[in-house]
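Per our numbering, the very first residue in the sequence shown carries number 1; after that it's consecutive. Glycine residues also receive a C-beta, built at the ideal position from the N, C-alpha and C atoms. Note that the structure is predicted; figures quoted are calculated from it, not measured. Below is one structure, written out as structure tokens; comments come after it.
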Amino acid sequence: QIRRTPITGIGLPVVLGCAVEYVAPLQSIGKNFGLGYMYGGIMVAGLFIIIIAKPFAHLRKYFPLVVTGSLITLIGFTLMPVAFQNIGGGDATAKAFGNPTHLFLGFFTALVIVVLNIWAKGFLKQISILIGILVGSVVAVLMGTVDFAAVGQAHWAQLPQFFYFGTPRFEWSSIATLILAALTCMIESTGVYFALGDITGRKLDDRDLEHGYRSEGIAAILGGLFNTFPYSTFSQNVGIVQLSGIKKLTPIYYSAFMLMILGLIPKFGAVATLIPSSVLGGAMLVMFGMVGAQGIKMLSKVELNNKNLLIIAVSIGFGLGVTTQPQLFQYLPATVQVIMSNGMVVGSFTAVILNILLNHTSLSKKVEEDI
1 QIRRTPITGI GLPVVLGCAV EYVAPLQSIG KNFGLGYMYG GIMVAGLFII
51 IIAKPFAHLR KYFPLVVTGS LITLIGFTLM PVAFQNIGGG DATAKAFGNP
101 THLFLGFFTA LVIVVLNIWA KGFLKQISIL IGILVGSVVA VLMGTVDFAA
151 VGQAHWAQLP QFFYFGTPRF EWSSIATLIL AALTCMIEST GVYFALGDIT
201 GRKLDDRDLE HGYRSEGIAA ILGGLFNTFP YSTFSQNVGI VQLSGIKKLT
251 PIYYSAFMLM ILGLIPKFGA VATLIPSSVL GGAMLVMFGM VGAQGIKMLS
301 KVELNNKNLL IIAVSIGFGL GVTTQPQLFQ YLPATVQVIM SNGMVVGSFT
351 AVILNILLNH TSLSKKVEED I
């Protein structure tokens, strides 16, 4: 994503990671059909993203600032429950969920990050999130909540293998479900691209979006080949870029190279898994809050007339409502639930449709007169 080529790369500090939108569909596919069908569906979904990258990019005109600002605000707010779930210990059904130790580690980590952002200068301020996670993890070790057994069992070096868990297989309903999940990821990625463009002061065009989508499709195919997961743009990175102030691509190049090397050393991966969920939750609390704040900042540049206020209010309301009550659509077909149970997608569709109706049709004048 960071290197622009004739066909790929948006040229922004974009980080790809495992997309949460795929989790429920993949669980269902794995349970009903098997691992091979999961990875086959992932590869086809990636190919689908590559194919529709160009026409989807032409929809940019339907994502003005009032829509993208609402989407980014919604992304930050809808991710907040994930942060608090991690602060509580990760598994909300566990007996230890909400244990005072978890709460202390989570809020202590968030406090360290906030303090560094207020009083630290230069490099220390830029890496405040990393320092917060490290300090929180060290405190967790001192409190005896970290088990190092996994580190001792991990190998020092190992090359990735194609089809480690099995050969990809293909089944139409699995493919269709994952294609729907891919579409939801593309909508979220659109908002993240515009948010990063706003932070870095770069105006994006259709070609930039096309290259960004295509890169995600390639990453998803690689995920299927190596039996991992489909990847999409991490919205959390908006908060990191905003907090650190690092907008240049050079540090991202170095980070990517280091991650590639560390990916060949399983012991480092095992060390990363030792970070307590509560510590990660504390960092997420700040990062997701910054994502939402960036969305509000974008909305502050919008002309807040009656029509735009209606778009913002209804889209964010729908998105947050679905996020808090996803079971609302439990009686609808499973393929429909993939879309309707995702607050970010519902909010995005609502914002786009209302923007078209209120700003690009004859209805706009009536609304302006009546409200």
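Per DSSP, Gly34 lies in no beta strand (DSSP E) segment and is marked neither H nor E.
Less than 8 Å divides the Cβ of Arg60 from the Cβ of Leu209.
Judged by their CB atoms, Gly17 and Phe234 are nearer to each other than the 8 Å cut-off. By the CB criterion at 8 Å, Met290 and Gln242 fall inside the cutoff.
At a cut-off of 3 residues, the continuous stretches assigned as beta strand (DSSP E) that sit fully inside the stretch 193-245 are 231-233. DSSP, read as helix, strand or coil, puts Leu249 in coil.
In this structure, Leu274 lies away from Ile87, with their beta-carbon atoms at least 8 Å apart. With contacts defined by Cβ atoms closer than 8 Å, Gln85 and Ala92 form a contacting pair. Under the three-state reduction of DSSP, Gly89 is assigned to coil, being neither helix nor strand. In terms of CA proximity to Tyr253, Leu12 leads the group Gly343, Ala181, Tyr193, Leu12. Following the DSSP letters along the chain, one finds Leu16 inside the beta strand (DSSP E) bounded by residues 16-18. The C-beta separation of Gly36 from Thr167 comes to about 6 Å, placing the pair in contact by the 8 Å criterion. Per DSSP, Asn359 is one residue of the alpha helix (DSSP H) stretching across 343-359. With respect to Gly76, Phe288 sits close: the two C-beta atoms are nearer than 8 Å. By the neighbour-count criterion, in which a residue is buried when 16 or more other Cβ atoms sit within 10 angstroms of its Cβ, Met38 is buried.
Per DSSP, Met143 lies in no alpha helix (DSSP H) segment and is marked neither H nor E.
Under the three-state reduction of DSSP output, Gly191 falls in the helix class.
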